[in-house]
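Below is one structure, written out as structure tokens; the observations come after it.
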Ligand SMILES: Cc1ncc(COP(=O)(O)O)c(C=O)c1O
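Residue numbers (our numbering): -2 to 336.
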């Protein structure tokens, strides 16, 4: 059988030839001592892209999110967040474990946080309920199908936050920016911290960055060390990250176009799912199916890899290692597998 078409995640890409060359030739130093020039270059470039004073290179998106929670909360705080966000549902309880915080959860089915529920939680502080120490957002919002959120959504959350810290999980912020025809920094204005991943749509093998004020990034450096995320001659990875920024950004619109093609196939093949293909605006197709795991298993047998993100929810993600040919092959597998 040919190699399967892998749409489990945009993290499955392998480094491009230019990345491999850049990694081999990278200028490096010990980043534990702040001596790696390639890491500095990457941190400066990403801080600038995100309109923030400083950025810190971290091994993973989860670590970036967890460092943000560490620097922005006090034990016992509540984090106000959407119930299906990565920080809440896909980090193995890390915020509770690392920072002794709890969550106040609001509906986020369509990718937007329910503003009325947010306002109620914030108001409940007056009724002796725990302090909301942080508001956490996610853009694009993965579980709803990579929903991009514009500056108005952010402005509304910042207004409700009324000066409380706001962290943005921007694992796929660049996808959101491309889908909305905006600069990434237009989607981060006013946040305390923002985390972005290079290892997703942009195609780098490893790496994420946390960005924010210089003061917060000084604290973040300490927390990164505490979590074991200080690396040494890590310019070899930062070099791939710089290439990912050069090569990846201009390709994201293609990933989005291919995801929309799959979204249309899903809507046609599974009309009972109620899935609306026009909600697919970035690189993720997520839809409800009563036998989601069986469907994914059936696809695996015929060479299509997908995933589930909830008991009855299937997810497919496009990325730089799948082109039109693979997408058409996936479309044909999908439309001929009814379950
Ligand atoms: C929205 C979101 N945030 C954070 C992460 C975590 O990134 P990492 O896998 O690099 O830890 C992911 C991973 O898929 C994600 O989808």
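In this text, a Cβ means the ideal position worked out from N, Cα and C, and glycines have one as well.
- Residues whose Cβ lies closer than 5 Å to any heavy atom of ligand 1, listed in chain order: 57, 58, 59, 83, 139, 166 and 168.
- Taking 8 Å as the upper bound for CB-CB distance, residue 136 and residue 165 are in contact here, some 6 Å apart.
- Runs of the alpha helix (DSSP H) lying entirely within the stretch 201 to 249, each at least 4 residues long, are 211 to 223 and 232 to 245 in chain order.
- Below 8 Å, enough C-beta pairs join the stretch 232 to 239 and the stretch 17 to 28 to call them touching: three or more.
- In the structure shown, residue 139 falls within a coil segment according to DSSP collapsed to helix, strand and coil.
- Note on residue 171: 16 or more other CB atoms within 10 angstroms of its CB, so buried under the neighbour-count rule.
- For a cut-off of 8 Å, the C-beta gap from residue 302 to residue 11 is around 15 Å, too long to register as a contact.
- For residue 201, same chain residues with a beta-carbon under 8 Å away, outside a window of 5 residues either side, are 12, 16, 195, 234, 237, 238, 240, 241 and 245 in chain order.
- Residues of the same chain with a CB within less than 6 Å of the CB of residue 193, apart from the 5 flanking positions on each side, are 167, 170 and 206 in chain order.
- An exposed status is given to residue -1, since fewer than 16 other beta-carbon atoms sit within 10 Å of its beta-carbon.
- Every alpha helix (DSSP H) of 4 residues or more that sits fully in the stretch 66 to 151 is shown, in chain order, as 83 to 86, 91 to 96 and 112 to 120.
- Your pair residue 56 and residue 204 checks out as a contact, with CB atoms roughly 7 Å apart and the cut at 8 Å.
- In the three-state reduction of the DSSP assignment, residue 29 falls in the helix class.
- With respect to residue 129, residue 101 sits close: the two C-beta atoms are nearer than 9 Å.
- In this structure residue 297 is exposed. Its beta-carbon is surrounded by fewer than 16 other beta-carbon atoms within 10 angstroms.
- Considering only 253, 335, 147 and 9, the residue with the shortest C-alpha distance to residue 274 is 253.
- Bridge partners of residue 192 according to DSSP: 166 and 207.
- Nearest to residue 70 by alpha-carbon distance, out of 37, 190 and 173, is 190.
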